[in-house]
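Protein chains in written order, with this note's numbering: chain A, 37 to 541; chain B, 541 to 855.
First up is the structure itself, then whatever we jot down about it.
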Amino acid sequence: MIRAVNKIQKIFVAFFAFGLISSGLASCGRTSSASGVLRVGNDAGFGGAETMDPYDGNRTWPTINMVFDRLIGVDKDFSPIPELALSWSSNDDLTDWTLELREGVKFHDGSEFDADDVVYSIERMIDPEFDSPIRAVLGVISSVKAISKYEVLLTLSTGEADLPLLLADYRALMTPVDSQATIGKEPIGTGPFKMETFDPAGTTVLLANEDYFFGKPKLEKIEVITFADSQSAAQALAGDQVDLLLAIDGKSSSMFGDESKFTLQNIPSGDWNAIDFRVDQEPFGDARVRKALRIAADRQVISDTVLGVGGGVVACDTPVWSADPYRWDGDCPKDTEGAKKLLAEAGYPNGIDIEIYTSDVEVHMVELVTAYKDQVKDAGIRVTIKMADASGFWDDVWMKESAFVDSWGQRPATQVLNEVYRSTATWNPTGQADKDLDTMLDEARSSKDQAERVKKYAQIQERLFENSAIFLPYHKTLTRAMSSKVKGVEPIVIDAVRWEQISVS
Amino acid sequence: MKNLARRVLFSLATFIALAIVSFLGIDALPGDGCTALLGRFGSDENIEACRQENELDESVVVRLTDWSSDLIRGDFGYSIKRDEDVATIIVPRLRNTAILGFVAALIAFPSALIFGLLLGRYPQKRASKVVNQLSVIAMTLPEFVIATVLWLVLSIWLPIFPGVSVMPSNASLSQLLPNVWLPALTLAVVIFAHSMRTMRASVTNVQNMPFVESARLRGTNERKIIKRHILPAALPPVVNVVALDGAWLLTGTFVTEAVFNFQGLGRLAIDAISDRDTALILPIILFGLAIYLFSSLLADVVVRVFDPRLRSSRN
């Protein structure tokens, strides 16, 4: 026995010696920051199914925005600015748009960027067969034609004054002719960084494009490192294994309180949650009931409860987010008496019982209904929360049950209003067919004058607050965290961040 | 021998039955590979076309038959969502989890057996009491707390190990090893406490038995008592626990792998479940089943070989 114990002891000693040596190596292998190299954390949003094809549903963001460029970008105020297109103009109906392209731009393989690439890219984006998610944004484009080598004509199915903003979508990127088969794994773009190794489940490496038309990037290299879990990503930033996390869980922000080491940015975004009520199912067909359901809750309390204090910007049922030039800032305080009165008028003097479906398919969805239930009980609205299985939520519950939670990502005003509220929209979740709203939407997007459009979009949003079937209490605020060595990341949504301007000291 | 053959057959039958139940269970869940691929905004036509292309529109019986005949031929299937063979995805991660489990086992089991023996033999020593209390604490703490504490101490305060792993799934062994230590230590703490306490209880139980007493009265020296009398009787129940803990090391590492971003089977399983990639979930479940059945079978065999009672009946 003792001999056996001795033997085990020997094995032990050898093993721990090996451990120490290996950890010594580990200390050497601890990748710490180096100037000129930016290590960006990325979530495993598609679990390894990511592709670099920007038009594919599994496109890997933000890497696509380092490799490719759009025709039109946005500045800090969300106004359109030139990227690969230098200028744009339209006819009076806003149905024909002519874009002048930047000359002399080269793809990473040395070939020249011209109108044929634009035609190829946009045709793929709007191809009904391929059914890219970007088609929801640019579906208004019915055809695209090269007029000359550096000039293209876009023809729209309806007048759209804000086409430049739609073209600034982060996925509306320009890819070379006939690249469909190879672009997913070997992307060739015009952007500030060239793909070196693409490994969406591990570390993707990009190198600076010295010939970038906006000037040579300040960084030499970007590494995009994938984390399965937001906690491990936060640990990596705390341990100097990564320099920049585009979005952290607000609750982890206390880990990065040391201002000499970390910079935190709170960035209002256009992502929102909502509770949708089907107007074709009772009692939600009655506009008075709908309004009562929407005014009975304190939105600030809901936002603070669900997202944490400072985690959201209150919205009065408008999907247009706070930095959008068309945002209407109404006033929508909790109005318990008003809600009771509306319910009584609608024939529910003793209050009302409703069921709301939710699911943990996405974060915040269960918390939202829970907070809502607590808020509206004073007005006699008695909510029963129904939990649905996450795997079937989008297929079996969303748009089908009488009331359910919802979640949407950031979109420009014209897009989100037409995609969610227009009576004919495929994904109009409430089934509400407000013909007057459709007319107002048409008028707004076909007004050439910006001030006029601002007024018209404000009227539309006011109408939503009066009449819509969607309770939309907040837009989410993202928390971005980075090492204080990272410079040049402006506190604005990532769509407007210029990757070539970022540096690491 | 007859018993053993029966035991193997029984395990095989259990495996097949559970495999079929798993297939049907996952099939009954809402959503399939095509809804997973096309997501929330996939149109009905596109989902239908995808189902036809991947033969998901066949009846359950046909698909079950196809799937099992593929499996027998060693074809684990194809992930529509990831556009890759399941085997290609799983093999490197399986290797990583196996290395992680091996290192954790190497840290935990020998020390657990030695400490268990010492604590069982000398329960009155103050050190024994302290170690025993610590192991109770280690057992009650959730894995992610152990992981976070180890990370804080061994990566932030004393920068010895990399805090989280930032390596691809197919990293070479030398790239992998530095990243193994923190998750392996976390797992080792969990199983050490568990198997050490089983060993201690078993030794405590055995050392007061009449045959130990009688050996002692015969004047046998203490080393011999431990080696000849206590250990052979104390080990069999521990073997079963060690086998279960060993199986857990290969199948229960979800939390630890996620916390340390370790590219193993556990992290893959979490990804696959959150993506509803059924083609990928199923082989992972089957692997877990196989490991548990095999390890309990192995434990039975080991116990059969070493248990002195069985030995004496043979003589």
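Note that the Cβ used here is the ideal one computed from N, Cα and C, for glycine as well.
Secondary structure of Gln301/A (DSSP, three-state): strand. Between the alpha carbons of Leu694/B and Pro723/B lies a distance of about 12 Å. Closer than 8 Å at the C-beta level to chain B, one finds these residues of the stretch 263-289 of chain A: Phe263, Ala264, Asp265, Gln267, Ser268, Ala269, Gln271, Ala272, Ala274, Gly275, Gln277, Val278. Note that the C-beta distance between Ile219/A and Arg75/A is not below 9 Å. Between Pro369/A and Leu379/A, the alpha-carbon positions lie close to 18 Å from each other. Taking the C-beta atoms as reference points, Asp312/A is found no nearer than 9 Å to Val419/A.
For Pro98/A, no chain B residue has a Cβ inside 7 Å of its Cβ, as the nearest lies near 18 Å away. Sequence-distant Cβ neighbours of Phe732/B in its own chain, meaning closer than 6 Å and more than five residues away, are Ala648, Ala652. Annotation: the continuous alpha helix (DSSP H) that includes Met476/A extends over 471-481. Going by C-alpha positions, Glu585/B is about 14 Å away from Leu596/B. Contacts with chain B at 9 Å (Cβ-Cβ) include Trp434/A.
Sequence-distant Cβ neighbours of Ile639/B in its own chain, meaning closer than 7 Å and more than five residues away, are Leu716, Val720. Straight through space, the alpha carbons of Phe794/B and Asp478/A are spaced by roughly 51 Å. Under the three-state reduction of DSSP output, Lys287/A falls in the helix class. Cα atoms of Ala283/A and Gln747/B: separation of roughly 58 Å, rounded to the nearest angstrom.
The residue from Ser266/A, Val452/A, Arg489/A with its alpha-carbon nearest to that of Pro355/A is Val452/A.
For Arg756/B, the enclosing alpha helix (DSSP H) stretches over residues 750-757.
Around the C-beta of Thr605/B, fewer than 16 other C-beta atoms lie within 10 Å, and the residue is accordingly described as exposed.
Within the stretch 762-781 of chain B, contact with chain A at the beta-carbon level (separation under 7 Å) is assigned to Arg763, Ile766, Lys767, Leu771. A contact between stretches requires three or more CB pairs, one per stretch, nearer than 8 Å, and the stretch 140-151 of chain A meets this requirement with the stretch 174-189 of chain A.
By the rule that beta-carbons nearer than 9 Å mark a contact, Thr462/A touches chain B.
Scanning its chain for C-beta atoms nearer than 7 Å, with the 5 sequence neighbours on each side dropped, one finds around Asp132/A the residues Ser126, Leu189, Thr191, in chain order. Excluding five sequence positions before and after Thr134/A, the CB atoms of its chain that fall closer than 6 Å to its own CB belong to Ser125, Leu189, given in chain order.
At a cut-off of 9 Å between beta carbons, Thr394/A makes no contact with chain B. Counting the other Cβ atoms within 10 Å of the Cβ of Asn302/A gives fewer than 16, which makes it exposed. Distance from the CA of Arg661/B to the CA of Asn745/B, rounded to the nearest whole angstrom, comes to 10 Å. Contact annotation: in the stretch 440-455 of chain A, no residue has its CB less than 7 Å from a CB in chain B. When C-beta distances to chain A are compared with 7 Å, every residue of the stretch 550-564 of chain B stays at or above that value. Out of Val676/B, Ile556/B, Gly579/B, Val730/B, the CA that lies nearest to the CA of Arg816/B is found in Gly579/B.
Following the DSSP letters along the chain, one finds Tyr832/B inside the alpha helix (DSSP H) bounded by residues 818-846.
Beta-bridge pairing by DSSP links Tyr393/A to Lys422/A, Phe440/A. Residue pairing for Ala517/A: DSSP places it in a beta bridge opposite Leu281/A, Leu300/A.
Just measuring C-alpha positions, the residue of Arg326/A, Tyr186/A, Leu122/A, Pro228/A sitting nearest Tyr248/A is Pro228/A. Contacts with chain A at 9 Å (Cβ-Cβ) include Val706/B.
Within the same chain, Leu596, Thr818 come within 7 Å of Asp572/B by CB-CB distance, once the 5 residues on both sides are set aside.
The Cβ atoms of Thr738/B and Val781/B lie closer than 9 Å to each other.
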